[in-house]
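Visitor: Below are the structure tokens for one structure; questions will follow.
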Amino acid sequence: MDIFIFIGGCLAVASIVLVIILYISFPHRKFIKYLPSIILIIAGIALVPLSLLTGRWTGTGVGLIGLMAFILGVVVLLICVILDTASKK
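Position 74 of the sequence shown, counting from 1, maps to 74 under the UniProt record's numbering, and the rest follow consecutively.
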């Protein structure tokens with residue numbers, strides 16, 4: 001069980017780094033903008049239930065990382081939608 005939590009935490013942290021790298025590298029491609037936010041949302045959805053299955057303090061940290069990844073994914077998705085809508089005339 002701990003290996004799944006570790007992999008999920010690594011996925012969430014890697015997705016956060018991927019968001020930053022892709023936004024700097026490819027500012028004009030719409031699909032690339034949406035991809036990291038979808039990965040973050042999926043990582044958050046996977047991490048929060050996994051953290052509830054463990055009773056140790058590591059579960060709390062993983063749950064917080066999952067919640068942060070989910071919230072960041074939703075915020076990035078909303079920003080992408082707002083920017084794409086505002087750019088259309």
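Beta carbons: idealized from backbone N, C-alpha and C, even for Gly.
Hey, out of L53, L47 and L77, whose CA is closest to L64's CA?
Guide: Position 64 of the sequence shown, counted from the start, is the residue given in the question as residue 64. Comparing Cα-Cα distances from L64 to each of L53, L47 and L77, the minimum goes to L47.
Visitor: So what's T54 in DSSP terms, helix, strand or just coil?
Guide: The residue you call residue 54 lines up with position 54 of the sequence shown. Residue state, collapsed to three classes: coil.
Visitor: Going by DSSP in three states, F6 sits in which element: helix, strand or coil?
Guide: If you number the sequence shown from 1, residue 6 lands on position 6. Here F6 sits in helix by DSSP.
Visitor: If we call anything under 8 Å between Cβ atoms a contact, is G66 one with A43?
Guide: Against the sequence shown, residue 66 aligns to sequence position 66. Against the sequence shown, residue 43 aligns to sequence position 43. Contact: yes.
Visitor: Leaving out five residues on either side along the sequence, give the residues of the same chain with a beta carbon under 6 Å from the beta carbon of residue 92.
Guide: With the chain running from 1 to 89 in the structure shown, residue 92 is simply not present.
Visitor: With DSSP as the reference, label F70 as helix, strand or coil.
Guide: Locating residue 70 in the sequence shown gives position 70, where the first residue counts as 1. F70 falls in the helix class under three-state DSSP.
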